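Undergrad: Sharing a structure with you now.
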Amino acid sequence: MIERICKGTLNNIAKDLESVETHILDIIKLDLTLQRLFQISTSVSGIGTVTVVEVIIATNEFKNITTAKKFACYSRIVPFEHNSGKSIWGARVSHKANIRGKTLLNMAAMAS
Numbered sequence: 001m002i003e004r005i006c007k008g009t010l011n012n013i014a015k016d017l018e019s020v021e022t023h024i025l026d027i028i029k030l031d032l033t034l035q036r037l038f039q040i041s042t043s044v045s046g047i048g049t050v051t052v053v054e055v056i057i058a059t060n061e062f063k064n065i066t067t068a069k070k071f072a073c074y075s076r077i078v079p080f081e082h083n084s085g086k087s088i089w090g091a092r093v094s095h096k097a098n099i100r101g102k103t104l105l106n107m108a109a110m111a112s
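For what it's worth, UniProt numbering labels the leading residue of the sequence shown as 1, then goes sequentially.
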């Protein structure tokens, strides 16, 4: 019964998602810089449209984050030692990190 009731809603959500993705791809096609970034980024194994769009938005078309080291830190991939000078207590990641970006990158790594 629940499946029957929710079927229409789920179909509408799927159509809306498809419409949004089409609109995003249309915007990318209109801008040469976005086209180039999209083409380069999707050439990486496991990286898809959602991941590329998230990365391009988060990095402001790679203008704000220009090095791999900064991007790895921002994506919560690089741990930092937590120490007091003499002893090392463990590792932690940046609190300013983009958790959604890390999730998408992990999914891309598993997909590849």
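We treat Cβ as the ideally placed atom computed from N, Cα and C, and that holds for glycine. Computed from a predicted structure; not experimentally measured.
1) For the stretch 24 to 33 and the stretch 94 to 110, state whether three or more C-beta atom pairs, one from each stretch, are separated by less than 8 Å.
2) Can you check which of these residues, V50, F80, N11, is closest to A108 by C-alpha distance?
3) Just mark V44 as buried or exposed, buried being the case when its beta carbon has 16 or more other beta carbons within 10 Å.
4) Name the DSSP bridge partner or partners of R92?
5) Looking at the structure shown, is F71 part of a helix, part of a strand, or coil, going by DSSP?
TA: So, to answer that:
1) no
2) V50
3) exposed
4) F80
5) helix
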